[in-house]
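In my numbering, the protein residues as written are 35 to 333. For reference, the structure discussed in these notes is given below.
Below, the structure written as structure tokens:
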């Protein structure tokens, strides 16, 4: 869900003065909070929204905005309390449901996240990010047909969204529909040539089709954009081993484990599945070293 949040500016989901009815001191204080939040002055913004709530205790938009700022600061419990209060006062705030859904997702509460995204769509049927968010939840629940339906809808509403192409590509990759996955990653990269994850995932799709040259090129491109992207090292390492570059493969696995030891479990399973008991003495030696390395870090 963080990838979706990265696409959205805080200004998009802060209620501004135009959304606040009435006037007076509470509105003036509220607008100061909006300005501070938009400038990244979160501590001051929280104080201003809190002051607005003291003046007007049923100020739903102020609760929403304060909750959003808490969320951006990583204070999930406070954010959830404010989102709940905002919805208690005004049950039709689609934006609040959206961010509460994202918060539930971050807590792995997929059932409540799904319910909130669906509620957003009921209120705002043309709100593309809600379809994207719900599609992610369906993907996590391995309900790929519904996930594809939601990503298709999101792309219908915002066809320029590289992120939705990427997300749909991940579903196709999970289903092993590699040609469609690659086509969607192509679209994602066309729209955002610096999308590291799209290069990495496209590389994996190419590797699964046996196109090791393109797979290695994509992983290398991903690492040129982000030298600490561990999954590109893991994927490239396997591709290097499968193409006979054994020492280079071991080197990449060592880098990957150093950056992200938690990935060793999945990497071990993929390596065992693909290394196919090499008969070349050097390959055997390196294969054993790789397995020992990954097993020692898989937890």
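Heads up, the beta-carbon is just placed ideally off N, CA and C, and yes, glycines get one too. Since we're looking at a predicted model, the values are computed, not measured.
Buried versus exposed call for residue 119 [16 or more other C-beta atoms within 10 Å across all chains shown]: Within the chain shown, the letter at position 85 stands for residue 119. It counts as buried.
Straight-line Cα distance separating residue 165 from residue 184: Against the chain shown, residue 184 aligns to sequence position 150. Against the chain shown, residue 165 aligns to sequence position 131. Rounded to the nearest angstrom, the two C-alpha atoms are 5 Å apart.
Proximity of residue 262 and residue 302 at Cβ, strictly below 8 Å: Stepping through the chain shown from its first residue, residue 262 is reached at position 228. Stepping through the chain shown from its first residue, residue 302 is reached at position 268. Cβ distance not < 8 Å, so residue 262 and residue 302 don't count as in contact.
Residue 68 to residue 99 span [Cα, whole Å]: Position 34 of the chain shown holds residue 68. Position 65 of the chain shown holds residue 99. Cα to Cα, the separation comes out at about 8 Å.
Euclidean distance between Cα positions of residue 147 and residue 157: Here residue 147 refers to the residue found at position 113 of the chain shown. Here residue 157 refers to the residue found at position 123 of the chain shown. Those two C-alpha atoms are separated by around 16 Å.
Whole-angstrom distance between residue 78 and residue 220, CA atom to CA atom: Counting from 1 along the chain shown, the entry for residue 220 is found at position 186. Counting from 1 along the chain shown, the entry for residue 78 is found at position 44. Their backbone Cα atoms lie some 43 Å apart in a straight line.
Residue 243 - DSSP class collapsed to helix/strand/coil: Walking along the chain shown from the start, residue 243 turns up at place 209. Helix.
Nearest candidate by alpha-carbon position, reference residue 231, set 245, 209, 196, 244: Numbered from its first residue, the chain shown carries residue 231 at position 197. Answer by Cα proximity: 196.
Close-in-space but distant-in-sequence residues of the same chain around residue 272 (CB under 8 Å, 5 per side omitted): The sequence position of residue 272 within the chain shown is 238, counting from 1. Closer than 8 Å at the Cβ level, and outside the excluded window around residue 272, lie 241, 283, 301, 304, 305, 308.
Length at least 4, wholly inside the stretch 260–331: the alpha helix (DSSP H) runs in chain order: 264–276, 280–293, 298–309, 315–331
Straight-line gap, residue 316 to residue 281 (C-alpha atoms, nearest Å): For the purposes of this step, residue 316 is taken as residue 282 along the chain shown, with counting starting at 1. For the purposes of this step, residue 281 is taken as residue 247 along the chain shown, with counting starting at 1. If you take the alpha carbons of residue 316 and residue 281, they lie about 9 Å apart.
Rounded separation between residue 385 and residue 213 - CA only: The first residue shown for the chain is 35 and the last is 333, placing residue 385 beyond what the model contains.
For residue 42, three-class secondary structure by DSSP: For this step, residue 42 is matched to residue 8 along the chain shown. No answer about residue 42 holds up, because its pLDDT of 39 lies below 50 and its placement is not dependable.
Integer Cβ distance of residue 163 from residue 117, believed to fall under 8 Å: Residue numbering aside, residue 163 sits at position 129 when the chain shown is read from its first letter. Residue numbering aside, residue 117 sits at position 83 when the chain shown is read from its first letter. Going by Cβ atoms, the distance from residue 163 to residue 117 rounds to 16 Å, so no, they are not a contact pair.
Local Cβ density within 10 Å of residue 218, reported as buried at 16 or more and exposed below that: The residue given as residue 218 occupies position 184 in the chain shown. Label assigned to residue 218: buried.
Option nearest residue 143 by Cα separation, candidates 324, 172, 91: Counted from its first residue, the chain shown places residue 143 at position 109. Ranking 324, 172, 91 by Cα distance to residue 143 puts 172 first.
Reference residue 101; option with closest CA among 109, 113, 94, 90: Translated into positions along the chain shown, residue 101 becomes position 67. That would be 113, whose Cα lies nearest to the Cα of residue 101.
Run of the alpha helix (DSSP H) containing residue 161, from where it starts to where it stops: For the purposes of this step, residue 161 is taken as the residue at position 127 of the chain shown. Careful: residue 161 lies outside any alpha helix (DSSP H) and carries neither H nor E.
With 16 other Cβ atoms within 10 Å as the buried cut-off, status of residue 215: Counted from its first residue, the chain shown places residue 215 at position 181. So residue 215 ends up on the buried side.
Per-residue burial, residue 90 [other beta carbons within 10 Å of its own, 16 or more giving buried]: Residue mapping note: residue 90 aligns to position 56 of the chain shown, counting from 1. When all chains shown are included, residue 90 counts as buried.
Where residue 150 falls, given that 16 or more other Cβ within 10 Å makes a residue buried: The count along the chain shown starts at 1 and reaches residue 150 at position 116. Buried.
With 16 other Cβ atoms within 10 Å as the buried cut-off, status of residue 136: To locate residue 136, count along the chain shown from 1; it is residue 102. So residue 136 ends up on the buried side.
Backbone CA spacing between residue 260 and residue 289 [nearest angstrom]: Stepping through the chain shown from its first residue, residue 260 is reached at position 226. Stepping through the chain shown from its first residue, residue 289 is reached at position 255. Taking the straight line from one Cα to the other gives about 13 Å.
Sequence-distant residues of the same chain with beta carbon closer than 6 Å to residue 187, five excluded per side: Within the chain shown, numbered from 1, the residue matching residue 187 stands at position 153. Cβ within range, chain order: 165.
Through-space distance from residue 287 to residue 267, alpha-carbon basis: Looking up residue 267 in the chain shown gives position 233. Looking up residue 287 in the chain shown gives position 253. One C-alpha to the other measures close to 7 Å.
Sub-8 Å separation of residue 352 and residue 276 beta-carbons: Because the chain spans 35 through 333 in this model, residue 352 falls outside it and cannot be assessed.
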